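Heads up: the protein sequence lines correspond to chains C and A, in order.
The first sequence: position 329 = 329 (the working numbering), numbered continuously.
The second sequence: position 88 = 88 (the working numbering), numbered continuously.
Heads up, the beta-carbon is just placed ideally off N, CA and C, and yes, glycines get one too.
All figures in this text were calculated on a predicted structure; none of them were measured in a lab.
Note sheet for the following structure.
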Amino acid sequence: MAHLSLQGISKDFGNGSFAVKNAQLDVEDGEFVVLVGPSGCGKSTLLNMIAGLEEITEGSLKINGKLCNDLPSKDRDIAMVFQNYALYPHMSVAKNMAFSLKLRKVEKSEINRRVQEAARVLDISHLLDRLPKELSGGQRQRVAIGRAIVRQPSIFLFDEPLSNLDAKLRVQMRVEIRDLHHRLGVTAIYVTHDQTEAMTMGDRIVVMRDGLIQQTAKPLEIYNHPVNRFVAGFIGSPAMNFFEGQLARTDLGWAFHQPKGIHLSLPKILQAFAEAQGEGPITLGLRPEVIGSAQAYRDPNAPKLHGKIRVIEPLGAETYLYCDSETSNWTARVEQGDWSIGQNVALPLLSTRLHFFDAKTDVSLPIEQQTNAMATSQMGIFNEDTFA
Amino acid sequence: MTVEKNIQTQPVSLQWPRSEAIPRPWLGLWRRWKHKKLIWVYLVLGGSALFLALPFYYMLVTSFQSTADLARNEISLWVTHPTLDPLRKLLDGTRYLGAAWNSLIIAALSTIGNIFLCPLAGYAFAKHKFPGRDQLFFVLLSTMMVPGAVLLVPSFLLARDFGWINSYLPLIVPGLASIFFVFLSRQFISKIPKDLIQAARVDGCSELRIYFQIILPLCRPLLASIGILSFLGSWNGFIGPMIYLLDENKYTIPLVISMLQGRFGGQENVQMAGSLLSIVPALLLFFIFQKQIVSSFANSGLKE
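The structure is reproduced here in structure tokens:
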């Protein structure tokens with residue numbers, strides 16, 4: 001159990017390029033924090049710096065209040081699970097798990113006890129005498145986790161541990177790791193590029209991009225209130241739809257307008273917000289589930305989004321429609337139905353969940369809470385054919 | 001319908017008697033052989049193998065022929081009266097066993113040195129970052145372009161200045177860390193995933209322990225290649241011993257074999273017995289490490 005604190009951590013490669021810049025993060029005791037971002041965003045570098053495998057150029061790293069910048073990995077009381085398992089190929093499963101304890105000169109009986117216990121927890125007791133090459137991917141992953149468990153570290157570090165597993169096993173291991181974390185209650189930092197893993201596993205999510213932390217918050221907070229267009233687009237699957245247009249003053253008040261595209265009169269509650277913004281470019285964000293959902297269909301006055309179906313992805317419980325309209329391509333998450341490619345559709349919008357972003361800075365404009373507050377009562381404000 | 005069809009087609013098939021009727025057992029074998037298309041490949045490979053094996057066979061046969069038989073048949077591929085006389089003459093009349101011992105010492109020390117030092121250097125080049133690493137490696141590699149003969153005189157002068165003439169040192173020390181083996185090691189070790197080393201570091205290994213307990217055990221095929229190549233190179237070395245060794249007691253096997261021509265001129269059987277004995281260690285090494293050698297040459301550079 002440990003508290004981890006990163007203050008202004010940076011990694012400079014010396015030629016002016018930063019892998020991580022000014023990272024601030026406090027991880028509480030027993031918390032499960034997920035670092036997520038696209039490839040090359042610096043999440044693995046940040047994890048390696050916490051592990052002591054990469055030098056920290058600037059800032060301070062504290063574990064339980066103790067400055068650890070220059071402490072070797074072995075003295076940081078951490079254990080790490082690697083993407084490709086990193087099991088020692090020439091050692092049996094038991095020896096792999098016992099290796100770190102042997103180095104620490106733990107008594108043989110104690111080593112045996114801990115290895116047996118970890119093997120029992122992970123259900124790999126029958127594999128202890130095998131070599132890693134005789135194991136399946138899932139079993140190897142369990143052994144890698146077992147090797148971390150026997151150490152009884154204060155912090156667990158996971159570096160994309162599930163990315164080499166097939167989809168079904170990944171879901172299973174995801175649940176098992178989360179379950180294990182609940183049982184052991186150890187602080188854990190988990191790196192992934194998969195936003196689904198991040199959403200389902202993390203107590204808190206840290207979204208990174210180009211070495212910078214974009215947002216640190218609980219999963220639903222990030223989903224509902226992304227701080228910028230990048231976070232909004234990265235978290236959520238399928239990704240949020242963005243429509244670039246203008247805020248324009250019309251006879252009926254303020255509206256979101258795309259030349260030859262969408263024209264959406266803004267609800268009353270947003271008039272003040274629009275007034276403050278003034279006329280000019282703005283980006284509208286719509287989650288796929290907002291378009292064509294059952295709830296939206298129930299509202300006869302819901303504005304409609306017109307488009308032509310390009311691709312259909314039936315997933316069983318729901319269907320993803322990838323549609324083209326004159327000015328933009330968008331995705332809708334709808335219920336099963338009689339959809340066909342090339343079909344012209346007019347899907348109703350759940351207009352209670354809109355996101356607006358500054359067209360220049362991509363920063364989220366804080367209107368959502370106000371919109372939510374007015375929710376249903378304001379839906380009538382959208383004209384029937386405002387979306388064309 | 002089906003029955004009728006069968007009845008109709010039966011006489012037609014009878015017009016073509018099946019080949020089993022004629023007793024030709026090899027035909028059955030030929031039919032069952034699955035790799036017919038490869039027949040030319042087998043013929044060429046088999047022919048080449050025979051061609052290569054012929055000198056060894058001739059050496060083997062001649063080694064057991066008496067001098068009298070040898071005189072009668074100029075080139076014989078059969079032993080009519082096998083005898084151990086040539087072997088006896090060789091062992092009694094020359095310092096062959098002493099030379100074998102000398103060769104063994106030199107080859108063993110060179111091999112141990114190469115096995116110890118080359119993977120160590122290869123590990124540093126493959127997995128550690130230090131200023132000028134790639135430049136240094138390039139310089140080392142470029143020395144491989146220099147022909148050995150060019151280095152002969154400077155090496156001799158250097159050995160003379162060190163006072164190493166007539167000792168084994170110039171035969172062992174300069175070859176202790178062969179550039180070729182360093183290169184081979186670097187290629188092999190660079191294929192070992194970085195994560196293994198990092199995992200060991202997190203587990204609490206020191207740098208040396210990482211090398212000896214994690215890297216080295218994974219390098220068995222590499223060590224086998226280095227061992228075999230280094231041993232054979234040293235065991236068969238002729239120019240070096242000829243230049244540096246003056247005292248006959250210190251001579252190595254290739255030198256003794258070369259002297260057989262003078263001492264046993266016309267007695268090819270003794271010369272061949274000397275050659276035959278000299279390949280025994282190489283054969284032994286090959287049989288012992290056969291599996292490792294094949295896998296190391298096949299995947300040289302690939303991790304297990």
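In the stretch 70-138 of chain A, which residue ranges form an unbroken alpha helix (DSSP H) of at least 4 residues, counting only runs that do not cross its ends?
Positions of the alpha helix (DSSP H) runs, each at least 4 residues long and wholly inside the stretch 70-138 of chain A, are given as 85-93 and 96-127 in order along the chain.
3-residue-minimum beta strand (DSSP E) runs that sit fully inside the stretch 189-265 of chain C, ordered along the chain
204-209, 212-217, 241-250, 253-257 and 263-265
Starting from P147 (chain A), trace the beta strand (DSSP E) in both directions and tell me its first and last residue.
Here P147 (chain A) belongs to no beta strand (DSSP E), and DSSP marks it neither H nor E.
Taking the alpha carbon of G253 (chain C) as the point to measure from, which residue in C:K268, C:I262, C:K260 and C:F243 has its own alpha carbon closest?
C:K268
So is S328 (chain C) in contact with chain A if we call contact Cβ pairs under 7 angstroms?
no
Nearest chain C C-beta to D134 (chain A) closer than 7 angstroms, yes or no?
no
Can you check which of these residues, C:G337, C:I312, C:V334 and C:H306, is closest to S325 (chain C) by C-alpha distance?
C:H306
Taking Cβ-Cβ distances shorter than 7 angstroms, what residues in chain C pair up with G204 (chain A)?
K74, S100, L103 and R104
Checking contacts by CB at 7 angstroms: is A126 (chain A) closer than that to chain C?
no
Chain A partners of I78 (chain C), CB-CB under 8 angstroms?
V202
What does DSSP give as the partner residues of R333 (chain C) in its beta bridges?
C:Y320
Checking 7 angstroms against the spacing of the C-beta atoms, do K21 (chain C) and V191 (chain C) come in under that value?
no
Thinking C-beta only, is S103 (chain A) closer than 7 angstroms to W235 (chain A)?
yes
Ordered along the chain, which non-local residues of its own chain (more than five positions away) have a Cβ less than 8 angstroms from that of D129 (chain C)?
S92, V93 and A94
Is there a Cβ of chain C sitting closer than 7 angstroms to that of L104 (chain A), yes or no?
no
So, is the C-beta of Q198 (chain A) closer than 7 angstroms to a C-beta in chain C?
yes
Listed by chain order, chain C residues near P336 (chain A) by CB distance under 8 angstroms:
The question about residue 336 (chain A) has no answer here: the residues shown for chain A are numbered 1 through 304.
Can you tell me where the alpha helix (DSSP H) with H355 (chain C) in it begins and where it stops?
Unbroken run through H355 (chain C) is the beta strand (DSSP E), H355 to D358; no alpha helix (DSSP H).
With the cut-off set at 7 angstroms, would you say L247 (chain C) and E289 (chain C) are in Cβ contact?
Judged by their CB atoms, L247 (chain C) and E289 (chain C) are not nearer to each other than the 7 angstroms cut-off.
Kindly indicate the opening and closing residues of the alpha helix (DSSP H) around Q271 (chain A).
E268 to S278
Report all residues from its chain with a CB closer than 8 angstroms to the CB of D203 (chain A); omit the five preceding and five following residues, and keep chain order.
none
Just grab the DSSP bridge partners of E58 (chain C) for me.
C:S10
Buried or exposed for W330 (chain C), please, with buried defined as at least 16 other CB atoms from any protein chain shown within 10 angstroms of its CB.
Buried, by the Cβ-count rule.
Can you find the residues in the same chain that come closer than 8 angstroms, C-beta to C-beta, to S154 (chain C), ignoring five residues on each side of it along the sequence?
M1, A2, I63, N64, D77, I78, V186 and T187
Residues of the stretch 39-60 of chain C with a CB closer than 9 angstroms to any CB of chain A: list them in chain order, please.
N48, A51, G52 and L53
Under 8 angstroms by Cβ, that's how I've got S185 (chain A) and G122 (chain A) pegged, so tell me the actual separation to the nearest angstrom.
2 angstroms
Among A:L276, A:L140, A:Y168 and A:F181, nearest to G237 (chain A) - alpha-carbon criterion
A:Y168
Contact set between P217 (chain A) and chain B, taken where Cβ atoms lie within less than 7 angstroms:
In the displayed structure, chain B is absent; the protein chains listed are C and A.
Taking the straight line between their C-alpha atoms, what separation do you get for F273 (chain C) and H128 (chain A)?
57 angstroms
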